Amino acid sequence: ELVHRLASQMREFGNVVVHTGAGISTSAGIPDFRGPKGIWTLQSRGEPMPKSMLPLDQARPTYTHMAIVALQKAGIIRHVVSCNVDSLHQRSGLPRSS
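Each residue of the sequence shown is one higher than the one before, counting from -19 in the numbering used here.
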């Protein structure tokens, strides 16, 4: 129910912009920055940096990346802004011009 209501509101607004950060890629095995095991969090404690579960070129887009693509293709999302350098948005099929 809540998801349908949100999708309806997003369609109504017409110019939805999605802004993503490191958290969108954590389920793909890429560490974030501010989470409990994030790079900056561990660095501030003097702890060793987290390791990626796999090299960036082997990481695959998450369900969230794919949902964003579906919403973009449906015309619900107009633009996606990301500060990520993992290329998972592009690998998910999101056009670079989004």
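All C-beta atoms in this analysis are idealised placements derived from N, C-alpha and C, irrespective of residue type, glycine included.
Remember, predicted model here, so these are calculated numbers, not experimental data.
Residue i in three-state terms, based on DSSP
i, result
"Thr42", "coil"
"Ser5", "helix"
"Arg58", "strand"
"Val49", "helix"
"Val65", "coil"
Buried versus exposed call for residue i [16 or more other C-beta atoms within 10 Å across all chains shown]
i, result
"His(-16)", "exposed"
"Val65", "exposed"
"Ala8", "buried"
"Pro16", "exposed"
"Ser72", "buried"
"Leu74", "buried"
"Gln23", "exposed"
Proximity below 7 Å, CB of residue i to CB of residue j
i, j, result
"Ile4", "Ser32", "no"
"Ser77", "His69", "no"
"Ala2", "Phe13", "yes"
"Ile56", "Arg(-9)", "yes"
Within-7 Å CB hit, residue i to chain B
i, result
"Thr42", "Protein chains in the displayed structure number just one, and chain B is not present."
Contact test: residue i Cβ vs the ligand GDP heavy atom, cutoff 6 Å
i, result
"Ile56", "The ligand GDP is absent from the structure shown, which contains no ligand whatsoever."
Contact the segment 42 to 53 vs the segment -2 to 5: 3+ CB pairs below 8 Å = With three or more CB-CB distances shorter than 8 Å, the segment 42 to 53 counts as touching the segment -2 to 5.
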